[in-house]
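S.K.: Numbering-wise, the sequence shown is residues 1 to 250 according to our numbering.
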Amino acid sequence: MDWSQALRFDESIISGELIISLLILLAISIFAIVVHFKFKHADPEKPEKGFVLVLACLVEKLESFVIDNMGRKWRPFTGYVMAVGAYIFICFIVGISGLPNPLVSLAFPLSIGLISFLMIHITAAKANKLGYFKRYIEPIPVLLPINLLSMWAPLLSLSLRLFGNALAGYCLMSIVYYFTEQLSALIFQFINSGVNQIFVSWIITPALHAYFDVFSGAIQTMVFVILTMIWVSQEDPEEEVEEQSSLIPA
Numbered sequence: 001m002d003w004s005q006a007l008r009f010d011e012s013i014i015s016g017e018l019i020i021s022l023l024i025l026l027a028i029s030i031f032a033i034v035v036h037f038k039f040k041h042a043d044p045e046k047p048e049k050g051f052v053l054v055l056a057c058l059v060e061k062l063e064s065f066v067i068d069n070m071g072r073k074w075r076p077f078t079g080y081v082m083a084v085g086a087y088i089f090i091c092f093i094v095g096i097s098g099l100p101n102p103l104v105s106l107a108f109p110l111s112i113g114l115i116s117f118l119m120i121h122i123t124a125a126k127a128n129k130l131g132y133f134k135r136y137i138e139p140i141p142v143l144l145p146i147n148l149l150s151m152w153a154p155l156l157s158l159s160l161r162l163f164g165n166a167l168a169g170y171c172l173m174s175i176v177y178y179f180t181e182q183l184s185a186l187i188f189q190f191i192n193s194g195v196n197q198i199f200v201s202w203i204i205t206p207a208l209h210a211y212f213d214v215f216s217g218a219i220q221t222m223v224f225v226i227l228t229m230i231w232v233s234q235e236d237p238e239e240e241v242e243e244q245s246s247l248i249p250a
């Protein structure tokens, strides 16, 4: 049996982006399980150290970040922030290895954006009950079609921003690799070796990967997470009102 043919992926059925995405999700899930058991079996009477200490500090910082931006009652939202942030950032930096970035396929940014979009509207529906539907006929009912269209703005903003930045980085890096391979082949055409086609790439591309994959990936992760937190928390501003009213002297 020809295993090379058996294991060959049909792009019309399953793409490389989907495989990488599933592997990233699997890695995050395994890491989360390991962390769970690490904390579960940690002795609370002993000071934290090593791996547990680093994770505890990271979780504490993220919880403070969520509370500062959303309010104390949104502390459980930290789990979603950690999960989606880790997924987006890993998707970006996986491009350094030459593997396909799932975010260059619109289906994946759209899926992540849809999760945040549903959280926004579920929060709004829970907070406002039937009053949730009133927003679509304000200030006058004739604006219902326009309000329904504007409802999708967060989904488009979150998903298209991720997709556009990931695709732009991928296209630019592809152009750079093609150019450097051709330039290297021209310079070292007298050397009959496969190394000559990537020699110039070794010099130029690391700095570009650092920008497009690491720096840009971190920025886009932060933007996605912060926008999600803002849009979700503003749908249920009850805590903020209570806190402000508690500061007013009787």
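Where is the CB? At the ideal position from N, CA and C, for every residue including glycine.
As the structure is a computational prediction, the values presented were derived from the model and not from experiment.
To the nearest whole angstrom, what separates the beta carbons of L162 and F224, a pair I think is in contact under 8 Å?
M.R.: The Cβ separation is near 6 Å, so the contact holds.
S.K.: Keeping to the same chain, check which residues put their C-beta closer than 8 Å to that of Y87; ignore five residues upstream and five downstream.
M.R.: Excluding positions up to five away in sequence, the list reads I24, L25, I28 and I112.
S.K.: Between I230 and the rest of its own chain, which residues show a CB-CB distance below 6 Å, the 5 nearest in sequence each way excluded?
M.R.: Answer for I230: no residue qualifies.
S.K.: Under 7 Å Cβ to Cβ from T123, same chain only, skipping five residues before and after it: list those, please.
M.R.: Counting only Cβ-Cβ distances below 7 Å, and skipping sequence neighbours, we find V232, E235 and D236.
S.K.: Which residues mark the beginning and the end of the alpha helix (DSSP H) in which F37 is found?
M.R.: Per DSSP, F37 belongs to the alpha helix (DSSP H) from G16 to K40.
S.K.: Within its chain, find whatever has a CB closer than 8 Å to the CB of H209; leave out the 5 residues flanking it on each side and keep chain order.
M.R.: Same-chain partners within the cutoff: G95, I96 and M173.
S.K.: Quick check: what's the CA-CA separation for V104 versus K46?
M.R.: Answer to the nearest angstrom: the Cα atoms are 46 Å apart.
S.K.: Quick check on DSSP: helix, strand or coil for D236?
M.R.: Three-state result, D236: coil.
S.K.: Using alpha carbons as the reference points, say which of T78, K49 and L58 lies closest to I226.
M.R.: Closest by alpha carbon: T78.
S.K.: Which residues bound the alpha helix (DSSP H) around S111?
M.R.: Counting along the chain, the alpha helix (DSSP H) containing S111 begins and ends at A107 to N128.
S.K.: Would you mind working out which of A125, I140 and P102 sits nearest G169, comparing C-alpha positions?
M.R.: Nearest of A125, I140 and P102 to G169, Cα basis: P102.
S.K.: Is DSSP giving E138 helix, strand or coil here?
M.R.: Residue state, collapsed to three classes: coil.
S.K.: Taking G50 as part of the alpha helix (DSSP H), name the residues at either end of that continuous run.
M.R.: Counting along the chain, the alpha helix (DSSP H) containing G50 begins and ends at G50 to M70.
S.K.: For S216, I'd like the list of residues in its chain whose CB is within less than 8 Å of its CB, leaving aside the five on either flank, ordered along the chain.
M.R.: Correct list, in chain order: F92, N165 and G169.
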